[in-house]
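Asks: Take a look at the following structure, please.
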Amino acid sequence: MGQKDIVEKNLEDYNDVFSDIVNGFVFCGKRTVKSRDLRSLKVRSQYKADKGSLHEEERDNAKYWSVGKVKIAILGLENQTNPDKDMPFRVIGYDGAAYRSQLLDENSKGRCPVLSIVLYFGESRWSGPRSIKEMVEIPEGLEEYVNDYKLHIFEIAYLTEEQVKLFRSDFRIVADYFVQKRKNKTYIPSKKTIKHVDAMLKFMSVMTGDERFLEAQKVKTTGGEPNMCEILDQVENRGIQKGIKLMQGENDVLRAERDAALAEIAEALTEKAAALTEKDAALTEKDAALTELVQKEADLARAMELLKKHHIAFA
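Using UniProt numbering, you'd call the opening residue of the sequence shown number 1 and step up by one each time.
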């Protein structure tokens with residue numbers, strides 16, 4: 001079972017969200033299905049793989065809808081982010097398994113219909129088949145004898161504003177997000193309060209890939225039910241604070257690097273100054289020796305001059 005399926009179940013498994021989705025799409029917003037009248041149901045379909053091994057698939061979400069002791073229907077939700085060329089086969093398998101479960105239930109009193117809807121969250125239109133007959137080639141003469149099975153697909157990103165307003169649960173925020181992103185490529189957060197905050201944020205982070213929702217899961221909201229605007233504002237503020245800390249850290253690193261560079265320069269200058277001082281001392285010593293030599297030569301010249309003056313010659 002994929003990660004997206006799991007988070008979708010966490011959100012849609014809440015009866016208020018599930019009933020709201022069914023009421024919005026099936027009953028045009030009328031509060032026909034009550035959350036208190038829903039009971040979770042696990043529906044699995046079995047099939048044989050290429051090597052004959054038995055495999056089992058569990059549908060995304062299914063619930064019994066009953067009023068009192070009277071069963072009304074089995075309702076199923078399937079979620080898709082991309083068109084699936086095998087979707088009609090999958091749904092008929094799930095629905096068939098739901099009918100079979102009633103057949104095998106000895107304690108069941110009365111049979112009820114099975115209704116499945118597919119919620120498609122892609123940005124483009126659904127391009128996959130919508131019925132069994134679109135998937136198979138029917139030989140001539142058999143058309144009227146082959147039963148069809150049609151999907152009820154709802155393209156969330158292409159809902160109208162009026163359709164979005166039909167929803168009253170957290171699903172309205174979900175629908176509003178996908179509609180806005182499809183139309184404007186941007187999202188202005190809704191001020192509608194969120195009831196199931198954690199499930200909503202997990203759903204949005206996985207389904208949209210928007211890291212703000214992932215970051216929002218780490219943000220502690222204040223008391224009460226927050227709205228998406230407040231949550232994303234807190235995420236932004238958290239990001240600003242992290243940015244400030246990061247800049248402070250970078251400044252500390254820069255200061256340390258600057259101080260190290262200055263210390264290195266100072267050490268080099270000190271060594272150079274010492275070398276110059278040593279060189280100056282050597283030059284001074286050399287100058288002194290040269291001065292002494294010049295003085296000696298001058299003294300010798302004067303002595304020779306005196307000897308010559310007094311006619312004193314060396315042997």
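For each residue, glycine too, the CB sits at the ideal point set by N, CA and C.
Could you tell me the distance, in whole angstroms, from the CA atom of R130 to the CA atom of S124?
Replies: Mapped onto the sequence shown, residue 130 falls at position 130. Mapped onto the sequence shown, residue 124 falls at position 124. As the crow flies, the alpha-carbon of R130 is around 15 Å from that of S124.
Asks: Determine whether the beta carbon atoms of G24 and F167 lie at a separation below 8 Å.
Replies: As a first step, residue 24 is located in the sequence shown; it is residue number 24 there, counting from the start. As a first step, residue 167 is located in the sequence shown; it is residue number 167 there, counting from the start. Taking 8 Å as the Cβ cut-off, G24 and F167 qualify as a contacting pair.
Asks: Could you check the C-alpha separation between A98 and V179 for me, to the nearest Å?
Replies: Within the sequence shown, residue 98 is the residue found at index 98, counting from 1. Within the sequence shown, residue 179 is the residue found at index 179, counting from 1. Rounded to the nearest whole angstrom, the C-alpha separation of A98 and V179 is 32 Å.
Asks: Beta carbon of I156, beta carbon of F121: below 8 Å?
Replies: Within the sequence shown, residue 156 is the residue found at index 156, counting from 1. Within the sequence shown, residue 121 is the residue found at index 121, counting from 1. In contact: I156 and F121 (Cβ atoms closer than 8 Å).
Asks: Quick one: residues in its chain with C-beta nearer than 8 Å to the C-beta of G141, no 5 flanking neighbours on either side, listed in chain order?
Replies: Taking the sequence shown and counting its residues from 1, the one referred to as residue 141 is at position 141. Scanning its chain for C-beta atoms nearer than 8 Å, with the 5 sequence neighbours on each side dropped, one finds no residue around G141.
Asks: Would you kindly work out how many angstroms separate the C-alpha atoms of S205 and G93, rounded to a whole number?
Replies: Your numbering for residue 205 matches position 205 in the sequence shown. Your numbering for residue 93 matches position 93 in the sequence shown. If you take the alpha carbons of S205 and G93, they lie about 30 Å apart.
Asks: Pull up the CB-CB distance for F89 and L119, whole angstroms please, since I reckon it's below 8 Å.
Replies: On the sequence shown, position 89 is the one that residue 89 refers to. On the sequence shown, position 119 is the one that residue 119 refers to. With 8 Å as the limit, F89 and L119 do not qualify as a contact, their Cβ atoms being about 18 Å apart.
Asks: For V253, count neighbouring C-beta atoms within 10 Å of its own C-beta (all shown protein chains included) and say buried if the count is 16 or more, exposed if not.
Replies: The sequence position of residue 253 within the sequence shown is 253, counting from 1. That one is exposed.
Asks: Unbroken beta strand (DSSP E) runs of length 3 or more, entirely within the UniProt domain "Transposase (putative) YhgA-like" (77–166): which are they?
Replies: Those beta strand (DSSP E) runs which fall completely within the UniProt domain "Transposase (putative) YhgA-like" (77–166) and span 3+ residues are 114–120, 153–155.
Asks: Tell me the rounded alpha-carbon separation between R111 and V70.
Replies: Residue numbering aside, residue 111 sits at position 111 when the sequence shown is read from its first letter. Residue numbering aside, residue 70 sits at position 70 when the sequence shown is read from its first letter. Going by the C-alpha atoms only, they are around 10 Å apart.
Asks: Rounding to the nearest angstrom, what Cα-Cα distance links R36 and S116 in this structure?
Replies: For the purposes of this step, residue 36 is taken as the residue at position 36 of the sequence shown. For the purposes of this step, residue 116 is taken as the residue at position 116 of the sequence shown. R36 and S116: Cα-Cα distance of roughly 20 Å.
Asks: Quick check on this structure: which residue in V26, M87, D13 has the alpha carbon closest to the alpha carbon of K63?
Replies: As a working note, residue 63 is residue 63 in the sequence shown. Comparing Cα positions, the closest option is D13.
Asks: Going by the DSSP bridge assignment, what does V70 pair with across the sheet?
Replies: If you number the sequence shown from 1, residue 70 lands on position 70. V67, per the DSSP bridge assignment.
Asks: Would you give the residue range spanned by the beta strand (DSSP E) that L38 belongs to?
Replies: As a first step, residue 38 is located in the sequence shown; it is residue number 38 there, counting from the start. Segment 38–40, the beta strand (DSSP E) holding L38.
Asks: To the nearest angstrom, how far is the alpha carbon of D198 from that of R39?
Replies: Sequence index remark: in the sequence shown, residue 198 carries index 198 (1-based). Sequence index remark: in the sequence shown, residue 39 carries index 39 (1-based). Looking at the two C-alpha atoms, the distance is approximately 22 Å.
Asks: At which residues does the alpha helix (DSSP H) containing G24 begin and terminate?
Replies: The residue labelled residue 24 in the question sits at position 24 within the sequence shown. Per DSSP, G24 belongs to the alpha helix (DSSP H) from 15–26.
Asks: Tell me whether T193 sits in a helix, a strand or coil according to DSSP, three-state version.
Replies: Along the sequence shown, one-based indexing puts residue 193 at 193. It is a strand residue.
Asks: Name the two residues that bound the continuous alpha helix (DSSP H) containing E211.
Replies: Locating residue 211 in the sequence shown gives position 211, counting from the first residue. It spans 211–216 - the alpha helix (DSSP H) in which E211 sits, taken as one unbroken run.
Asks: Mind reading off the beta-carbon distance from V146 to K165? Whole number of angstroms is fine, and I expect it under 8 Å.
Replies: Counted from its first residue, the sequence shown places residue 146 at position 146. Counted from its first residue, the sequence shown places residue 165 at position 165. V146 to K165, Cβ: 40 Å. No contact.
Asks: State the Cα-Cα distance for the pair Q102 and L232, rounded to the nearest angstrom.
Replies: Along the sequence shown, one-based indexing puts residue 102 at 102. Along the sequence shown, one-based indexing puts residue 232 at 232. The alpha-carbon atoms of Q102 and L232 are separated by roughly 46 Å.
Asks: Confirm, please, whether the CB-CB distance from N61 to F18 is below 8 Å.
Replies: Within the sequence shown, numbered from 1, the residue matching residue 18 stands at position 18. Within the sequence shown, numbered from 1, the residue matching residue 61 stands at position 61. For F18 and N61, yes; Cβs fall inside 8 Å.
Asks: For the putative contact between K192 and I173, defined by C-beta atoms under 8 Å, what is the C-beta separation to the nearest angstrom?
Replies: For the purposes of this step, residue 192 is identified with residue 192 of the sequence shown, where counting begins at 1. For the purposes of this step, residue 173 is identified with residue 173 of the sequence shown, where counting begins at 1. Yes, they are in contact, since the Cβ atoms of K192 and I173 sit about 6 Å apart, within 8 Å.
Asks: Which residue from I194, L159, S169, H196 puts its Cα closest to that of K183?
Replies: In the sequence shown, counting from the first residue as 1, residue 183 sits at position 183. Comparing Cα-Cα distances from K183 to each of I194, L159, S169, H196, the minimum goes to L159.
Asks: Looking only at DSSP bridge pairs, what is A266 linked to?
Replies: If you number the sequence shown from 1, residue 266 lands on position 266. In the DSSP output, where bridge partners are listed per residue, A266 has none listed.
Asks: Three-state secondary structure (DSSP) at E58?
Replies: Locating residue 58 in the sequence shown gives position 58, where the first residue counts as 1. In the structure shown, E58 sits in a strand (DSSP, three-state: E or B).
Asks: Can you check DSSP and say which residues form a bridge with L75?
Replies: Taking the sequence shown and counting its residues from 1, one reaches residue 75 at position 75. Its beta-bridge partners are K63, L115.
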